[in-house]
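Residues are numbered in my numbering as their position in the sequence shown, beginning at 1, plus a constant of 26.
Using N, Cα and C, we set each Cβ at its ideal position, and we do this for glycine too.
Values in this document were obtained by computation on a predicted structure and should not be read as measured data.
Take a look at the structure set out below.
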Amino acid sequence: MDMKVSNLERHWLPFTNNREFKREPRMFVRASGMHYFTPSDRKVLDGSAGLFTSAAGHCRPEIAAAVARQLETLDFTPSFQRSHPGAFELADGVAGLTPEGLDHVFFCNSGSEAVDTAMKIALAYHLARKEGQRNYFVSRERAYHGVNIGGTALSGMVRNREVFGALMPGILHLRHTLLPENRLTRGMGAKGAELADDLTRFVNLVGEKRIAAVFVEPIAGSTGVIVPPRGYLERLREICTRYGILLVFDEVICGFGRTGEPFAAESFGVTPDLITMAKALTNGAQPMGAVAVQGDIYRTIVEAAPEGTPEFFHGYTYSAHPAACAAGLATLEIYRKEQLFARARELSGYFLEQMFSLSDLPAVADVRGFGLLAGIEVRAGKAAGVRGQELQAKLYDRGLHVKTTGDVAIMAPAFIASRADIDAMTQMLREAIAEF
Ligand SMILES: Cc1ncc(COP(=O)(O)O)c(C=O)c1O
27 MDMKVSNLER HWLPFTNNRE FKREPRMFVR ASGMHYFTPS DRKVLDGSAG
77 LFTSAAGHCR PEIAAAVARQ LETLDFTPSF QRSHPGAFEL ADGVAGLTPE
127 GLDHVFFCNS GSEAVDTAMK IALAYHLARK EGQRNYFVSR ERAYHGVNIG
177 GTALSGMVRN REVFGALMPG ILHLRHTLLP ENRLTRGMGA KGAELADDLT
227 RFVNLVGEKR IAAVFVEPIA GSTGVIVPPR GYLERLREIC TRYGILLVFD
277 EVICGFGRTG EPFAAESFGV TPDLITMAKA LTNGAQPMGA VAVQGDIYRT
327 IVEAAPEGTP EFFHGYTYSA HPAACAAGLA TLEIYRKEQL FARARELSGY
377 FLEQMFSLSD LPAVADVRGF GLLAGIEVRA GKAAGVRGQE LQAKLYDRGL
427 HVKTTGDVAI MAPAFIASRA DIDAMTQMLR EAIAEF
């Protein structure tokens, strides 16, 4: 064990093998730029920008100062019937980055809350248009949409569904798009656009006016990086438009430059009706999520409600928390000033080249990637997921932090990474994978 903590028992860690962690806790006590530091001051290179959060690098003093200033000036405002200027400024800042038309922003505190909020917006919108019978939702196999009730129901990852998946009925899952034909393809695969036609089958199955919205991650992240096949998102868009179904891009991982543009919607040239986001919105320095909404959807809901009452019965005590807004504003300013999305775009070619160079290792089953996001899948060992855990531990011991899901290492460096950082990541990955 790296550090003396009086009692490791009481903190129940999320999505963690608690028994193993408590036998061998792997903790960080500080961070700076591209690195974490362990309690014994060992430097660990961050290959996943925290949890896809810290795109501008860790412990940015501008963000810390903005949050401290905010907490000393106005620590909290009730979020219902009251607000504060930072909330409006941040909504402006976000709307300045989203595709044209998605110009209203609803704040919450996490990606999971953003997803459940977007589901409620979809239901409220259809009810306001007198199509309240639209209460089916569509998502996709292998999707991850957070852990609240709605997002869990949308989830297409079996371990997230098997205990809780029955909580909410009325969810249909498109087939996933991870096809063997696209194995080791850099960027978008050539095969699989027709998988979007599953949506037409669902329309035929449940009725033309029964589906409220389709949720997809433009690049499915948490399941191990599945880049959409060419033409797939366009086809989904087309079918949604044809049948009056809202298209929601869950950009909790893809948003804020990860694909080289502010949002993946722009990288892939497809405009959804809503975008959910979180993580890099505040560089991970404060918990915050948001939903960007087409102006028409906002107006339809607001104008259908009688004057003198709230129009949308939803919100959180901490919606648009002043400290989170301060962190968000400081983060967007860093992205702008340092042109970090353009930097991500420029670095992407080199990054993907390095990641794909690992495909010569016998233990590598697949490599996938787009922008500054890549999945390196190792061949499963005795049981699926065990090798992924082992790989994560080996990398941590070598000095590299990565997020793994199943047997996939998910690489998502901060946009401030240098080529030397990418080289160091590649080298550590090569050495650790070669041991299998
Ligand atoms: C696409 C997507 N949606 C939702 C979430 C949930 O976000 P949070 O953990 O902030 O609730 C995640 C988290 O990784 C995600 O990747």
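Query: Meets three-Cβ-pair contact criterion under 8 Å: the stretch 289-300 and the stretch 256-265; Result: yes
Query: Spatial distance of residue 214 from residue 425 (CA atoms); Result: 31 Å
Query: Helix, strand or coil at residue 100 according to DSSP, with G and I counted as helix; Result: coil
Query: Member of 151, 100, 36, 200 whose CA lies at the smallest distance from the CA of residue 15; Result: With the chain running from 27 to 462 in the structure shown, residue 15 is simply not present.
Query: Where residue 345 falls: helix, strand or coil (DSSP); Result: coil
Query: Residue 403, buried or exposed, once every other Cβ within 10 Å from all chains shown has been counted against 16; Result: buried
Query: Cβ neighbours of residue 398 in the same chain (closer than 7 Å, five flanking residues each side left out); Result: 284, 370, 373, 374, 377, 438, 439, 441
Query: Residue 27 versus residue 76 - alpha carbon distance; Result: With a pLDDT of only 44 at residue 27, under the threshold of 50, the placement of this residue in the model should not be trusted, and no figure is reported.
Query: Where residue 201 falls: helix, strand or coil (DSSP); Result: coil
Query: Residues of its chain near residue 312, where Cβ-Cβ distance is below 6 Å and the 5 sequence neighbours each way are ignored; Result: 349, 350, 353
Query: Helix, strand or coil at residue 442 [DSSP, three-state]; Result: coil
Query: Distance cut-off 7 Å: residue 173 Cβ against heavy atoms of ligand 1; Result: yes
Query: Proximity test, residue 136 beta-carbon vs ligand 1 heavy atom, cut-off 7 Å; Result: yes
Query: Residue range of the unbroken beta strand (DSSP E) whose run includes residue 233; Result: First-last for residue 233: undefined, no H or E at that position.
Query: C-beta atoms of residue 408 and residue 458 nearer than 8 Å; Result: no
Query: Alpha-carbon to alpha-carbon, residue 282 and residue 56; Result: 24 Å
Query: Residue 27 in three-state terms, based on DSSP; Result: For residue 27, the predicted model reports a pLDDT of 44, less than 50, meaning its position is unreliable and no value from the coordinates is stated.
Query: Own chain partners of residue 126 with C-beta closer than 8 Å, once the 5 adjacent residues on each side are dropped; Result: 297
Query: Cβ-heavy atom distance, residue 279 to ligand 3, below 7 Å; Result: In terms of ligand content, the structure shown lacks ligand 3 and carries ligand 1 instead.
Query: For residue 393, the nearest candidate out of 362, 434, 355, 430 (CA to CA); Result: 434
Query: Boundaries of the beta strand (DSSP E) in which residue 165 is found, first to last residue; Result: 162-166
Query: Contact check, residue 71 vs residue 84, beta carbons under 8 Å; Result: no
Query: Burial state of residue 122, where buried means 16 or more other Cβ atoms lie within 10 Å; Result: exposed
Query: Residues near residue 100 in its chain [Cβ-Cβ closer than 8 Å; skip 5 each side]; Result: 110, 348
Query: Buried or exposed (CB count within 10 angstroms, at least 16 for buried), residue 246; Result: buried
Query: Buried or exposed by the 16-neighbour rule on C-beta atoms within 10 Å, applied to residue 365; Result: exposed
Query: Helix, strand or coil at residue 159 [DSSP, three-state]; Result: coil
Query: CB of residue 141 within 8 Å of CB of residue 223, strictly; Result: no
Query: Every unbroken alpha helix (DSSP H) inside the stretch 115-191 [4 residues or more]; Result: 137-154, 175-180, 184-187
Query: C-beta contact flag for residue 265 and residue 225 at 8 Å; Result: yes
Query: Any non-hydrogen atom of ligand 1 closer than 7 Å to residue 342 Cβ; Result: no
Query: Reference residue 68, options 59, 278, 54, closest by Cα; Result: 54
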